[in-house]
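Q: Okay, so the sequence shown: first residue is 1179 according to the working numbering, each after it adds one.
Glycine is no exception: its CB is placed at the ideal position from the N, C-alpha and C atoms.
None of these values were measured; they are calculated from a predicted model.
Sharing a structure, written as structure tokens. Questions coming.
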Amino acid sequence: MKVDFIGDIHGHAVELASLLIKLGYNNNKGYFSHPEGRKVVFVGDYIDRGLQIRETLEIVKGMCDNKTADAVMGNHEYNAILFHAKNKKNGGYYRKHGFTEINQHIETLKQFQHHQEELKMYLEWFKNLPLFIETENYRVVHAYWNKKHIEFLRNNPIHWNDEWLDRLTDENSDEYVVVEEILKGKEHELADGHHFYDADNVKRDKCRVKWWHYCTGDIMNDEYLFNCPSSLKGTVFKGFVDELPDDKPIFFGHYWLKEDNPTLNSKSNAKCLDYSVAKNGHLVAYSLDTEKLEIQKSLS
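Next up, the structure:
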């Protein structure tokens, strides 16, 4: 299969174009395509943070429209749908317009300030993005592949009406749990008062788990938990460890991995492609047929 998987972009269109050119794609037809018929699969998070969000969407959607790429929804596209969806019951929106939410979405809001119809068009396009892709040769999801969640979505495809929006924002609903975890990752609740402080100095008592982590015996907390509290380092993880996905490889993004020289040396068949291009990291692509990793350093 001549497929190239590309990680989280976050409005870094210059890096995206450079990476596509490195992979052998060109823009001769007005959209990026490959002379040998290769195809890209994007793992989500096209908007927010970067300074070329409109240009990024033009590239990604242009490729999807012309069948030279497929794309799944990321949590930032999902958040944008809810942020701009009015709640008729309370007069507000389905995603709160608080400081944190606006700050996360601010670059998109600024860059579309004078292009509201274009923004509406992209929001409708986001709604048509799948939450996962599965073919005979690979699987793609933004943050967390869980067999039960995938089966739930197959049997209950999302409809972006008020009834569904109510369920998607009800923390007690199955729809909320399934979509939140698929797009944002699975969390583990810390017991016995253990906690950590995040980048905004907010006290947290839940950590995301590295569900793709390969292990043959006991797994340590600092191997399995992001932001593992120092009080738990060197101790055995006592929570539920997901069964490692077998069969076809899984490609995902979301987790802001930080390596000066990304290697993608995971022993499991689930591989994260988010190497923090929006935080002076790298935009990476993995070619399925050659098992080669192509890297584009952040230029901003």
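DSSP beta-bridge partners for ILE1187?
A: Its beta-bridge partners do not exist; DSSP assigns none.
Q: Tell me PHE1374's beta-bridge partners as DSSP assigns them.
A: For PHE1374, which the question treats as bridged, DSSP gives the partners ARG1382.
Q: Between which residues of its own chain and GLY1252 is the CB-CB distance below 6 Å, once the five residues before and five after are set aside?
A: Cβ within range, chain order: GLY1222, ASP1223 and HIS1320.
Q: List the residues that DSSP assigns as beta-bridge partners of GLN1474.
A: Answer is LEU1461, bridged to GLN1474.
Q: Where does ALA1463 land, buried or exposed, given buried means 16+ other C-beta within 10 angstroms?
A: That one is buried.
Q: Is the distance from the Cβ of VAL1387 to the Cβ of HIS1373 below 8 Å?
A: Cβ atoms of VAL1387 and HIS1373: not closer than 8 Å.
Q: If you reduce the DSSP assignment to three classes, tell me which class HIS1366 lands in.
A: Three-state result, HIS1366: strand.
Q: Tell me whether CYS1450 sits in a helix, a strand or coil according to DSSP, three-state version.
A: Strand.
Q: Which class does ARG1317 belong to by DSSP, given the choice of helix, strand or coil?
A: Here ARG1317 sits in strand by DSSP.
Q: Leaving aside the five residues before and after HIS1460 along the sequence, list all residues of the same chain whose C-beta is less than 6 Å from its C-beta, in chain order.
A: Cβ within range, chain order: PRO1440, TYR1453, ILE1473 and LYS1475.
Q: Can the beta-carbon of ARG1227 be found closer than 8 Å to that of HIS1275?
A: Not a contact, by the Cβ cut-off of 8 Å.
Q: Could you check where the beta strand (DSSP E) with GLU1312 kicks off and where it finishes?
A: First-last of the beta strand (DSSP E) with GLU1312: 1310–1312.
Q: Can you pull the DSSP bridge partners for LEU1403?
A: Looking at the DSSP assignment, LEU1403 forms a beta bridge with VAL1387.
Q: Give me the residue from SER1211, VAL1218, HIS1391 and GLU1279 with the minimum Cα distance to GLU1255.
A: If we check each option's Cα against that of GLU1255, GLU1279 comes out closest.
Q: For ARG1332, count neighbouring Cβ atoms within 10 angstroms of its own Cβ and tell me buried if that reaches 16, exposed if not.
A: ARG1332 comes out exposed.
Q: Measuring alpha carbon to alpha carbon, tell me which residue in ILE1259, ALA1249 and LEU1235 is nearest HIS1337.
A: Minimum Cα distance to HIS1337 is reached at ILE1259.
Q: Since ASN1204 sits in a beta bridge, which residues does DSSP pair it with?
A: ASN1204 pairs with SER1211.
Q: Can you round the beta-carbon distance between ILE1311 and VAL1318 to whole angstroms, since I take them to be within the 8 Å contact cut?
A: Indeed they touch by this definition, with Cβ atoms about 4 Å apart.
Q: Taking C-beta to C-beta, are ASP1376 and ASN1405 nearer than 8 Å?
A: Contact: yes.
Q: Taking LYS1384 as the reference, give the member of SER1446, GLY1417, LYS1266 and TYR1354 with the closest Cα.
A: Considering only alpha carbons, the answer is GLY1417.
Q: Measure the Cβ-Cβ separation of GLY1240 and TYR1203 and say whether it is below 8 Å.
A: For GLY1240 and TYR1203, no; Cβs fall outside 8 Å.
Q: Which of helix, strand or coil does DSSP assign to LYS1288?
A: Helix at LYS1288.
Q: Could you say which of THR1413, ALA1249 and ARG1382 lies nearest to ILE1397 if we only look at CA atoms?
A: Nearest C-alpha to ILE1397: THR1413.
Q: So HIS1293 and ARG1232 are supposed to be a Cβ contact under 8 Å. How far apart are they, rounded?
A: Contact flag correct, Cβ pair sits at about 7 Å.
Q: Rounded to the nearest angstrom, what separates VAL1355 and GLU1349 at their Cα positions?
A: One C-alpha to the other measures close to 7 Å.
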